[in-house]
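Report on the following structure.
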Amino acid sequence: MKRKSTLWLSMMSAVMLMSACSGEKAAQPGGGKDPGAETPPAAAPKVSTDPVTLKFAINFSWLGEDERKMYIVDPVKKKYPHITIEFINLTEMALDKVIASGTVPDIVQSANPIMYTFSDLGLEDNIEPLIKTHGFDTSKINKVGLDAVKISSGKDYLTGLPWTIAFNATYYNKDIFDKFGVAYPKDGMTWEEMRELARKVTRKEGEIQFRGLEPDVPSRMASVLSAGFVDPKTRKATLDTEGWKRTFEYMKSVYEIPGNEKYAWVPSAFDQFIKSRTLAMYPGLNHFPNFKGVENMNWDIVQYPQFKDKPNTGMQVDEWILHITKQSKYKDQAFQVLASILSEDVQMDMSRNGRFPILQNKAIQDEFGKNIPYLQGKNLKAIFLTQPAAPVPPSKDGAAGQAISQEAFKKVMNGTDINSALREADDALNKKIAESN
Numbered sequence: 008m009k010r011k012s013t014l015w016l017s018m019m020s021a022v023m024l025m026s027a028c029s030g031e032k033a034a035q036p037g038g039g040k041d042p043g044a045e046t047p048p049a050a051a052p053k054v055s056t057d058p059v060t061l062k063f064a065i066n067f068s069w070l071g072e073d074e075r076k077m078y079i080v081d082p083v084k085k086k087y088p089h090i091t092i093e094f095i096n097l098t099e100m101a102l103d104k105v106i107a108s109g110t111v112p113d114i115v116q117s118a119n120p121i122m123y124t125f126s127d128l129g130l131e132d133n134i135e136p137l138i139k140t141h142g143f144d145t146s147k148i149n150k151v152g153l154d155a156v157k158i159s160s161g162k163d164y165l166t167g168l169p170w171t172i173a174f175n176a177t178y179y180n181k182d183i184f185d186k187f188g189v190a191y192p193k194d195g196m197t198w199e200e201m202r203e204l205a206r207k208v209t210r211k212e213g214e215i216q217f218r219g220l221e222p223d224v225p226s227r228m229a230s231v232l233s234a235g236f237v238d239p240k241t242r243k244a245t246l247d248t249e250g251w252k253r254t255f256e257y258m259k260s261v262y263e264i265p266g267n268e269k270y271a272w273v274p275s276a277f278d279q280f281i282k283s284r285t286l287a288m289y290p291g292l293n294h295f296p297n298f299k300g301v302e303n304m305n306w307d308i309v310q311y312p313q314f315k316d317k318p319n320t321g322m323q324v325d326e327w328i329l330h331i332t333k334q335s336k337y338k339d340q341a342f343q344v345l346a347s348i349l350s351e352d353v354q355m356d357m358s359r360n361g362r363f364p365i366l367q368n369k370a371i372q373d374e375f376g377k378n379i380p381y382l383q384g385k386n387l388k389a390i391f392l393t394q395p396a397a398p399v400p401p402s403k404d405g406a407a408g409q410a411i412s413q414e415a416f417k418k419v420m421n422g423t424d425i426n427s428a429l430r431e432a433d434d435a436l437n438k439k440i441a442e443s444n
């Protein structure tokens, strides 16, 4: 979400980072109980209206000042004028350093792949009693996203609530397809179908080589199969597994298309798509902000490709999660802030401005991107057709796993057989883990 997918990858160097429901896609996967939806909503508790300042720790590089004001500060001030939000910028100081300085926030924003940066600090708390006390209906939240909070934390209860989730889409350049007289991609395509379509538009014209498809770094496709780097319980590498083998086999077949050999991973992939405009199809995350100001480019999106045995499934859940710290003295007021951010009014504003909503509300989904001129006329329904894959619990060894898996794939492209490359990568990651102990 930025060139935010680029920042996300560089920050956590780990697996992906999804979407909400619409009537046009597969039903929501199940899992987990919904606190707040199990019993009739309780009467809202009487919360003190004495002036209070809540410390809210958030990464400013994830959410800029305008959005913080639009989705957090202004709605809270309108409904709860006695609550003042004081932000702590986690871009300037990591959360562990904030805590070490003697400051404990009331609210912390984390994300699935790096939730350990929050939970390892002794701040984690069970938010379900507050959900029930305030009569908050969790059934309105994307169920895959809600369940992912428990999976990522390793707890059987909710330690926070998600408020926005990354989506997947396939971006394509209509001009390239028109140039070669090839039909555009469409919603519902499998990875295999997209690869065959890529063959038709991978051509050289004069000195310009046009590439048909860039699936991006291996971890993104592996995440569709819920293949992670490390088993967090055993701290043993999980690279020498079927999911990674399947990922490498497919990606190798894409890069073996004559003319499509020179892969360009993030951020080069999007530069190739939007700057040199020589890439026909790029499945990825939310790149919409990067199209602002782009002129004379005929582009659109279709649904993110899928494996036949995993219909309508994209990359692993990557959502922003709001936690109330165990140490907060103002838990009820902090929950009122969370409920405000998850209100239909705020989620509608988010949707209209291109921030993916977490609420399963078709009216909100239908308004997606309405305030963004350059998104008008685009196939925006495509982003709601795909559900994220279940996340693999995050690991501190993700950065090492990311680097080692990429090197392993480069070896494959240089002639090493896939089984050997993955076995060597698994050994290398286990060695790295042992050295860090």
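Heads up: take any position in the sequence shown, counting from 1, add 7, and you land on our numbering. Cβ coordinates follow ideal geometry from the N, Cα and C atoms, glycine included. Quick caveat: nothing in here was measured; it's all calculated off a predicted structure.
- Residue state for Glu99 is assigned as coil, using DSSP reduced to three classes.
- Comparing alpha carbon positions, the residue from Trp251, Ile328 and Lys147 closest to Ile411 is Trp251.
- Looking at the backbone, the Cα of Asn368 and that of Pro120 are separated by about 26 Å.
- Restricting attention to Glu74, Lys385, Glu99 and Gly129, the CA atom closest to the CA of Trp306 is found in Lys385.
- Residue nearest to Ile281 within the set Gly300, Gly266 and Arg227 is Gly300 (criterion: CA-CA distance).
- Glu351 counts as exposed, since fewer than 16 other beta carbons sit within 10 angstroms of its beta carbon.
- Assigned with DSSP and collapsed to three states, Arg210 falls in strand.
- Residue burial annotation: Asn378 is exposed, with fewer than 16 other C-beta atoms found within 10 angstroms of its C-beta.
- If you compare the alpha carbons of Tyr191, Pro401, Tyr337 and Leu349 with that of Ile172, the shortest gap goes to Leu349.
- With fewer than 16 neighbouring CB atoms inside 10 Å of its own CB, Glu414 falls in the exposed class.
- Beta-bridge annotation (DSSP): Arg218 is paired with Leu286.
- Pro265 and Thr209 have their alpha carbons spaced roughly 8 Å apart.
- Glu131 and Ser159 do not touch by the CB rule: their CB atoms are close to 11 Å apart, not below 8 Å.
- Per DSSP, the unbroken alpha helix (DSSP H) holding Val83 starts and ends at Asp81 to Lys86.
- Between the alpha carbons of Ala244 and Asp238 lies a distance of about 6 Å.
- Look at Ile379 here: in three-state DSSP terms it is coil, with no helix or strand label.
- Looking at the backbone, the Cα of Thr98 and that of Arg206 are separated by about 42 Å.
- Excluding sequence positions up to five before and after Asp185, its CB lies within less than 8 Å of the CB of Asn305, all in the same chain and listed in chain order.
- The Cβ neighbour count for Asp356, taken over all protein chains shown within 10 Å, is at least 16; the residue is labelled buried.
- Judged by pairs of C-beta atoms under 8 Å, the region 421-429 does not touch the region 211-218, as fewer than three such pairs exist.
- Per DSSP, the beta-bridge partners of Ser117 are Ile328.
- In the three-state reduction of the DSSP assignment, Pro225 falls in the helix class.
- Membership of Asn437 in the alpha helix (DSSP H) is indicated by the continuous run Ile425 to Ser443.
- Going by DSSP, Ala370 is part of the alpha helix (DSSP H) stretching over Lys369 to Asp373.
- Proximity to Ile95 across Ile65, Lys85, Glu431 and Thr60 peaks at Ile65, based on C-alpha coordinates.
- Thr124 is the residue among Thr124, Asp194, Gln116 and Ser68 whose C-alpha sits nearest the C-alpha of Pro400.
- By the Cβ criterion, the region 338-346 is in contact with the region 125-144, since at least three pairs of Cβ atoms, one from each stretch, lie closer than 8 Å.
- In its chain, beyond the 5 residues on either side, Val237 and Ile440 have a beta carbon closer than 6 Å to the beta carbon of Asp404.
- In this structure, Tyr289 keeps its C-beta atom at 9 Å or more from the C-beta atom of Leu232.
- Going by DSSP, Met322 is part of the beta strand (DSSP E) stretching over Thr320 to Gln323.
- His141 counts as buried, since no fewer than 16 other beta carbons sit within 10 angstroms of its beta carbon.
- A contact is defined here as three or more CB-CB pairs under 8 Å, and the region 61-76 meets this definition with respect to the region 97-115.
- Ranked by Cα distance from Phe187, the first of Ala287, Lys317 and Trp69 is Ala287.
- In this chain, the beta strand (DSSP E) harbouring Phe63 covers Val59 to Ile65.
- Within the same chain, and ignoring the five residues on either side of Asn360 in sequence, the residues whose Cβ sits closer than 6 Å to its Cβ are Asn378.
- In the three-state reduction of the DSSP assignment, Glu414 falls in the helix class, which pools H, G and I.
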